[in-house]
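Numbering (our numbering), first residue to last: 93 to 184. Note that the Cβ used here is the ideal one computed from N, Cα and C, for glycine as well. As the structure is a prediction and not an experimental result, all values here were calculated from the model. Notes follow the structure.
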């Protein structure tokens with residue numbers, strides 16, 4: 093049960109990080125409708141990053157609510173939404 097709660101926290105945290113990236117990086121030529129895409133991308137990246145963080149940093153007790161899982165989720169979510177917001181959107 094504790095792992096499911098941790099994964100839920102990752103999803104909410106990833107969506108919030110997507111909204112923060114939208115607020116921090118403004119694009120003048122942006123079309124409306126990217127808020128939902130950023131939230132879903134942030135949530136997906138947080139789940140992947142959380143799994144990587146737990147796998148890399150938590151050897152003896154792999155729980156989703158561990159510091160490694162939370163840090164991995166936050167970092168990977170911020171990185172992926174930043175790449176989408178700043179990098180890939182500039183190419184399109």
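Going by CA-CA distance only, name the one from the options that's closest to residue i.
i, options, result
"residue 110", "148, 159, 127", "127"
"residue 100", "114, 161, 173", "161"
Can you tell me which of the three DSSP states residue i falls into?
i, result
"residue 117", "coil"
"residue 152", "coil"
"residue 125", "coil"
What separation, rounded to the nearest whole angstrom, lies between the Cα atoms of residue i and residue j?
i, j, result
"residue 168", "residue 137", "6 Å"
"residue 98", "residue 177", "26 Å"
"residue 131", "residue 151", "30 Å"
"residue 134", "residue 107", "5 Å"
"residue 157", "residue 105", "12 Å"
"residue 141", "residue 121", "30 Å"
"residue 146", "residue 139", "11 Å"
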